[in-house]
Amino acid sequence: MKGITPVISVILLLLVAIAIVGLASGFFQRIFTQAGTGVDEQLNASTTQLGQTIKIDSAAGTSVVVRSTGSKTMDLSSVKVFADNVPQTCTWSSPTLAAGGTATCTLGTACTGKVVKASAPGGNAPETVTC
1 MKGITPVISV
11 ILLLLVAIAI
21 VGLASGFFQR
31 IFTQAGTGVD
41 EQLNASTTQL
51 GQTIKIDSAA
61 GTSVVVRSTG
71 SKTMDLSSVK
81 VFADNVPQTC
91 TWSSPTLAAG
101 GTATCTLGTA
111 CTGKVVKASA
121 PGGNAPETVT
131 C
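Quick note on the working numbering: the sequence shown kicks off at 1 and runs consecutively.
This is the structure we're talking about:
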């Protein structure tokens, strides 16, 4: 009987060690999976945002025409137009702007003689236009 007790003790210690390793493995696997998912979501959001860029094609009277220079379709409610650095209210010709497409912003007041610029999620239009 004296020889059985150490054997049982060793088996129990091995089972406890295996259980701890299994729990730790599951814990760390879950953490790395969640971290990877967060990185993927952040990367997709950044890629989408960087693909939403515009440039001003023309500005005259109460109309400002912008062109998408990015690779993603964008919601035009996220595009802001400024005249002499004052935000303007736009009525867009369509709710979205496809990659490579154009849209017209109809301003509430004429922008004659003012410097017009626009900003989109992917950054500001590279140049300004005098209306």
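Ideal Cβ positions, reconstructed from N, Cα and C, are used throughout, including at glycine. From a predicted model like this one, the values you see are computed outputs, not experimental measurements.
*When you compare only the Cα positions, how much space is there between G123 and T62?*
23 Å
_Contact between the stretch 53-67 and the stretch 22-37 (3+ Cβ pairs under 8 Å)_ = no
_Bridge partners for Q88 per DSSP, in chain order?_
V81
*C-alpha distance - T130 paired with F82, whole-angstrom precision*: 11 Å
*Cβ neighbours of D84 in the same chain (closer than 8 Å, five flanking residues each side left out)*: K114, V115
*Could you say which of T102, K117, T104 lies nearest to P87 if we only look at CA atoms?*
K117
*Please classify Q93: does DSSP put it in a helix, a strand, or coil?*
Inspection of the sequence shows that residue 93 is occupied by Ser rather than by Gln. S93 falls in the coil class under three-state DSSP.
*Whole beta strand (DSSP E) elements within the stretch 33-85, 3-residue minimum*: 54-60, 63-68, 80-83
*Euclidean distance between Cα positions of V21 and T5*: 24 Å
_Length at least 4, wholly inside the stretch 7-35: the alpha helix (DSSP H) runs in chain order_ = none
_Taking the alpha-carbon of A120 as reference, which of G51, G26, T109 has the nearest alpha-carbon?_
G51
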